[in-house]
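Asker: A single structure is presented below for examination.
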Amino acid sequence: MAREHPEVWEAFQHLGEEASRAGPLDARTRRLIHLALAIAASSEGATHSHARRARSEGISPEELEHVAVLAITTVGWSQAIKGLTWVRDVTRARPGAPAGEPLEP
């Protein structure tokens, strides 16, 4: 999308930046909320992306997995367990491996 429609991509990036500045939540809280929303939306790619970003920002695997557990009462067992599995694709992946690669034993 960024290559084919750079103006759309730039506007999308700008919207995200403005939304982040629009309220009092800190970056860490915003990242956890983005992860929760990705799980609730059943978006495997976004869940992987936000989990990877969260790890690079110093958020622990346990905290990320807790987000998926908290989703149980909102989105139901099935969706929350899918989300937990997607989070674990990142938190238990071999170092340097992309999400979806085999998990460490």
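Just so we're aligned, residue 75 is where the sequence shown starts under my numbering, counting upward by one.
Beta carbons: idealized from backbone N, C-alpha and C, even for Gly.
Source: prediction; values computed, not measured.
What number of angstroms, rounded off, separates the C-alpha of residue 128 from the C-alpha of residue 93?
Answerer: Each residue's Cα considered, the two are about 18 Å apart.
Asker: Would you mind reading off the limits of the alpha helix (DSSP H) that contains residue 107?
Answerer: Here the alpha helix (DSSP H) through residue 107 covers 101 to 114.
Asker: So the candidates are 165, 108 and 90; which of them puts its Cα closest to the Cα of residue 136?
Answerer: Here the closest residue by C-alpha is 165.
Asker: By Cβ distance below 8 Å, which residues in the same chain neighbour residue 101 in space, the five residues on each side in sequence not counted?
Answerer: Excluding residues within five positions, the ones whose Cβ falls inside 8 Å are 94 and 131.
Asker: Mapping the DSSP letters down to three states, classify residue 167 as helix, strand or coil.
Answerer: If DSSP states are grouped into helix, strand and coil, residue 167 belongs with the strands.
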